[in-house]
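Peer 1:
Number of protein chains: 2
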Amino acid sequence: MSITLAIVEDLDEVRDGLKNFISLSSDFNILDTFKTAEEAVDEIPNLQPDIVIMDISLPGMNGIECIRRVKLKSPNTQFMMFTVYENDEKVFEALKAGASGYLLKNTGLVQLIESLKELYNGGSPMSANIARKLLTVFMNTQKETEPVESLSQRENEVLQLLAKGLLYKEIADQLHISIATVRQHIHHIYEKLHVQNRTEAINKAFGKN
Amino acid sequence: MSITLAIVEDLDEVRDGLKNFISLSSDFNILDTFKTAEEAVDEIPNLQPDIVIMDISLPGMNGIECIRRVKLKSPNTQFMMFTVYENDEKVFEALKAGASGYLLKNTGLVQLIESLKELYNGGSPMSANIARKLLTVFMNTQKETEPVESLSQRENEVLQLLAKGLLYKEIADQLHISIATVRQHIHHIYEKLHVQNRTEAINKAFGKN
DNA sequence: CCCTTCCTCTAACTTTCGTTCTATTGCTCC
DNA sequence: GGAGCAATAGAACGAAAGTTAGAGGAAGGG
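Going down the list, the protein sequences come from chains A and B.
Per our numbering, the first sequence starts with residue 937, numbered consecutively.
Per our numbering, the second sequence starts with residue 937, numbered consecutively.
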């Protein structure tokens, strides 16, 4: 019941170092290693490994695009990023592409072994710095709705019609009030929701984001 | 330059075990330990520790509520959850309350020491299972709405930005094209969707109504 | 090679949106 | 019996949105 692996890493020392160290453990079986994303995309679907250890910076196609392509033909394979990249863009792009683990290259080899097992068992091992980035995004999406002063009855009615895409004039006619009043209500709605226009108000009011 | 700590944990063996083990390291200075959240809420603000190790299940007030209250009066303190709870609700509640680290109690003490240092240095160490939960939420929030067919690739891109409430100018900047072109695309979008304005287009494209 | 589609752009509009200021009425709360 | 708020409204103005007409380049199919 050993865990099958593939490694994609262009630097010879790193690739060989990983291979040699991991091979010491009987829990793992390294099926193959690759120097380029292109080779990996061609071959990994034939191997269907449990886990691919993936670098980001590779000559030609990068590791993130490599994940996208391999994943299509090897859907049960999990990807462990192992890279020096720590900037938000790369991290989030890799995770969106389908990486389930993300370790920085300063991670110890013993820790890497442990993390591979955790990944195999359904966890998402990641360096603390990476996890913090993810947590920050989480906090931003989950942050409690700030004390938005609730809209008045009339303002809610206007908002409903506004969300349908009606013109101010149509809203005015439907509610039997003047356009000037509609403008007033809408202005208040925008103030209370802290937005600048119709679309933002709709998104905010009906939790789209 | 040792890291100051407080521990909130009701079980004597666990609390003492943590205290004794961590005390072996000169990197840490345990200021005090607490058996209940109530005591912690009263005393921790006076201590202003760098980190609080927090259990969730406590007699009386639970650890999550305890974080919320302590955080108000000790804003620079970071919270490391150390608990057996692994269900989504507790995990997310704790993170939302302000925990920056989350370790399950099966974590080794050596690993805990390491994680405390990472937390102090701005990371968010968390058990792989916890990170996976966070990653799952991330993936759900990041998935894009599927493209509306009949619209061209470019028109779909414009529509996505349009739906966020961006100004024409902002859309133009983001796509690196002129405002005039944005107008063209949007005009075509409206034609194809048989609508007259932004809001109707959004409703039609993303089956609101 | 022509035809079509897509993407890009200029230019000159009209219409609608959104802001700001002011003001009246009616209601409630203390 | 003010103080405060919700709803109403007019007026004037700048800022966006949306329309229309025309045109060129790139890509792909018949």
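Each residue gets a CB set at the ideal place from its N, CA and C atoms; glycine is no exception.
Can a CB atom of chain B be found closer than 7 Å to the CB of A/Met1062?
Peer 2: Counting from 1 along the first sequence, the entry for residue 1062 of chain A is found at position 126. At a cut-off of 7 Å between beta carbons, A/Met1062 contacts chain B.
Peer 1: Expressed to the nearest angstrom, what Euclidean distance is found between the alpha-carbon atoms of A/Glu1050 and B/Asn1076?
Peer 2: Residue 1050 of chain A sits at position 114 when you count from the first residue of the first sequence. Residue 1076 of chain B sits at position 140 when you count from the first residue of the second sequence. Straight-line Cα distance between these residues: approximately 27 Å.
Peer 1: Could you give the DSSP three-state label for B/Asp946: helix, strand or coil?
Peer 2: Indexing the second sequence from 1 puts residue 946 of chain B at position 10. Three-state result, B/Asp946: coil.
Peer 1: Chain A beta carbons: is any one of them nearer than 7 Å to that of B/Ala1108?
Peer 2: Residue 1108 of chain B sits at position 172 when you count from the first residue of the second sequence. Not one chain A Cβ lies under 7 Å of B/Ala1108.
Peer 1: As an exercise, report each continuous beta strand (DSSP E) stretch of at least 3 residues that is fully enclosed by the region 970-1004 of chain B, in chain order.
Peer 2: 987-990
Peer 1: What are the complete alpha helix (DSSP H) segments, minimum 4 residues, inside the region 1080-1139 of chain B?
Peer 2: 1089-1099, 1104-1111 and 1115-1129
Peer 1: Out of curiosity, what's the CA-to-CA distance linking B/Cys1002 and B/Asp963?
Peer 2: In the second sequence, the residue the question calls residue 1002 of chain B occupies position 66. In the second sequence, the residue the question calls residue 963 of chain B occupies position 27. B/Cys1002 and B/Asp963: Cα-Cα distance of roughly 26 Å.
Peer 1: Can you grab the Cα-Cα spacing for the pair A/Ala1099 / B/Glu1025, in whole Å?
Peer 2: Within the first sequence, residue 1099 of chain A is the residue found at index 163, counting from 1. Within the second sequence, residue 1025 of chain B is the residue found at index 89, counting from 1. About 33 Å.
Peer 1: What residues of chain A sit near B/Gly1019, judged by a beta carbon separation below 9 Å?
Peer 2: Against the second sequence, residue 1019 of chain B aligns to sequence position 83. The amino acid at residue 1019 of chain B is misidentified as Gly; the sequence shows Thr. Correct list: empty, because the minimum Cβ distance to chain A is about 16 Å.
Peer 1: CB B/Phe1074 to CB A/Leu1070, shorter than 7 Å?
Peer 2: In the second sequence, the residue the question calls residue 1074 of chain B occupies position 138. In the first sequence, the residue the question calls residue 1070 of chain A occupies position 134. Contact: yes.
Peer 1: Within a Cβ cutoff of 7 Å, which residues of the same chain sit near B/Leu1162, ignoring the five residues on either side of it in sequence?
Peer 2: Any question about residue 1162 of chain B goes unanswered here, given that chain B covers just 937 to 1145.
Peer 1: At the level of alpha carbons, what is the spacing between A/Phe1018 and B/Val977?
Peer 2: Within the first sequence, the letter at position 82 stands for residue 1018 of chain A. Within the second sequence, the letter at position 41 stands for residue 977 of chain B. A/Phe1018 and B/Val977: Cα-Cα distance of roughly 41 Å.
Peer 1: Does A/Ala907 get closer than 7 Å to chain B when you measure Cβ to Cβ?
Peer 2: The requested residue 907 of chain A does not occur in the structure, where chain A is confined to residues 937 to 1145.
Peer 1: Measure how close the beta-carbons of B/Met1016 and B/Leu960 come, nearest whole angstrom, since I'm counting them as under 8 Å.
Peer 2: On the second sequence, position 80 is the one that residue 1016 of chain B refers to. On the second sequence, position 24 is the one that residue 960 of chain B refers to. About 18 Å; that fails the 8 Å criterion.
Peer 1: Please list, in chain order, the chain B residues whose beta carbon lies closer than 7 Å to that of A/Val1073.
Peer 2: Translated into positions along the first sequence, residue 1073 of chain A becomes position 137. Residues of chain B with a Cβ closer than 7 Å to the Cβ of A/Val1073 are, in chain order, Phe1074.
Peer 1: Any idea what DSSP makes of B/Asn1012, helix, strand or coil?
Peer 2: Position 76 of the second sequence holds residue 1012 of chain B. Note: B/Asn1012 maps to coil in three-state DSSP.
Peer 1: Does DSSP put B/Leu954 in a helix, a strand or coil?
Peer 2: In the second sequence, counting from the first residue as 1, residue 954 of chain B sits at position 18. Reduced to three states, the DSSP call for B/Leu954 is helix.
Peer 1: Under the DSSP definition of a beta bridge, which residues are partnered with A/Leu1021?
Peer 2: Within the first sequence, the letter at position 85 stands for residue 1021 of chain A. At residue 1021 of chain A the sequence reads Tyr, which differs from the Leu that was named. Among the bridge pairs identified by DSSP, A/Tyr1021 is matched with none.
Peer 1: How many whole angstroms separate the CB atoms of A/Leu983 and A/Ala942, which I take to be in contact at a CB cut-off of 8 Å?
Peer 2: Here residue 983 of chain A is taken as the residue at index 47 of the first sequence, counted from 1. Here residue 942 of chain A is taken as the residue at index 6 of the first sequence, counted from 1. About 6 Å separates the two Cβ atoms, so the contact holds.
Peer 1: Please classify A/Gly1037: is it buried, with 16 or more other beta-carbons within 10 angstroms of its beta-carbon, or exposed?
Peer 2: Counted from its first residue, the first sequence places residue 1037 of chain A at position 101. That one is buried.
Peer 1: Mind listing the chain B neighbours of A/Ile966? Cutoff is C-beta to C-beta under 9 Å, in chain order.
Peer 2: Along the first sequence, one-based indexing puts residue 966 of chain A at 30. What A/Ile966 touches in chain B: nothing, since even the nearest Cβ is about 21 Å away.
Peer 1: Please report the straight-line C-alpha distance between A/Thr1013 and A/Asp986, rounded to a whole angstrom.
Peer 2: Taking the first residue of the first sequence as position 1, residue 1013 of chain A is located at position 77. Taking the first residue of the first sequence as position 1, residue 986 of chain A is located at position 50. Going from the Cα of A/Thr1013 to the Cα of A/Asp986 covers about 5 Å.
Peer 1: Please give the ranges of any alpha helix (DSSP H) in the region 1025-1059 of chain A, keeping only runs that are unbroken, at least 4 residues long and fully inside the region.
Peer 2: Whole alpha helix (DSSP H) segments, 4+ residues: 1045-1056.
Peer 1: Looking at the C-beta of A/Lys916, does it have a partner C-beta in chain B at a distance below 7 Å?
Peer 2: The requested residue 916 of chain A does not occur in the structure, where chain A is confined to residues 937 to 1145.
Peer 1: Tell me the rounded alpha-carbon separation between A/Val1027 and A/Ile1066.
Peer 2: On the first sequence, position 91 is the one that residue 1027 of chain A refers to. On the first sequence, position 130 is the one that residue 1066 of chain A refers to. Each residue's alpha carbon lies about 7 Å from the other.
Peer 1: Judging by CA-CA distance, which residue of B/Lys971, B/Met1062, B/Ala973 and B/His1123 is the nearest neighbour of B/Leu1039?
Peer 2: Walking along the second sequence from the start, residue 1039 of chain B turns up at place 103. Closest by alpha carbon: B/Met1062.
Peer 1: For A/Arg1134, go through chain B and note every residue whose CB falls closer than 8 Å to its CB, in chain order.
Peer 2: Here the question's residue 1134 of chain A lines up with position 198 in the first sequence. Those are Gly1101, Arg1134 and Thr1135, listed as they occur along chain B.
Peer 1: Between A/Gly1034 and B/Arg1068, is the Cβ-Cβ spacing less than 7 Å?
Peer 2: For the purposes of this step, residue 1034 of chain A is taken as residue 98 along the first sequence, with counting starting at 1. For the purposes of this step, residue 1068 of chain B is taken as residue 132 along the second sequence, with counting starting at 1. No; because the gap between Cβ atoms is not below 7 Å, this pair is not in contact.
Peer 1: Helix, strand or coil for B/Leu1071? Go by DSSP, reduced to three states.
Peer 2: Sequence index remark: in the second sequence, residue 1071 of chain B carries index 135 (1-based). Helix.
Peer 1: Leaving out five residues on either side along the sequence, give the residues of the same chain with a beta carbon under 8 Å from the beta carbon of B/Asp946.
Peer 2: Here the question's residue 946 of chain B lines up with position 10 in the second sequence. Once the five neighbours on either side are set aside, the close Cβ partners of B/Asp946 are Lys971, Thr972, Asp991, Ser993, Leu994 and Pro995.
Peer 1: In angstroms with no decimal places, state the Cα-to-Cα distance between A/Ser1020 and B/Glu979.
Peer 2: Here residue 1020 of chain A refers to the residue found at position 84 of the first sequence. Here residue 979 of chain B refers to the residue found at position 43 of the second sequence. Looking at the sequence shown, residue 1020 of chain A is not Ser but Val. About 42 Å.
Peer 1: Could you pull the DSSP bridge partners for A/Asn1076 from this structure?
Peer 2: As a first step, residue 1076 of chain A must be located in the first sequence, where it is residue number 140. In DSSP, A/Asn1076 forms no bridge with anything.
Peer 1: Please classify A/Thr1135 as buried or exposed, where buried requires at least 16 other C-beta atoms within 10 Å of its C-beta.
Peer 2: The residue given as residue 1135 of chain A occupies position 199 in the first sequence. Buried is the call here.
Peer 1: Determine whether the Cβ of A/Thr1043 lies closer than 7 Å to any Cβ atom of chain B.
Peer 2: Within the first sequence, numbered from 1, the residue matching residue 1043 of chain A stands at position 107. No, its Cβ sits nowhere closer than 7 Å to a Cβ of chain B.
Peer 1: Can you pull the DSSP bridge partners for B/Asn965?
Peer 2: Residue 965 of chain B sits at position 29 when you count from the first residue of the second sequence. Under DSSP, B/Asn965 forms a beta bridge with B/Thr940.
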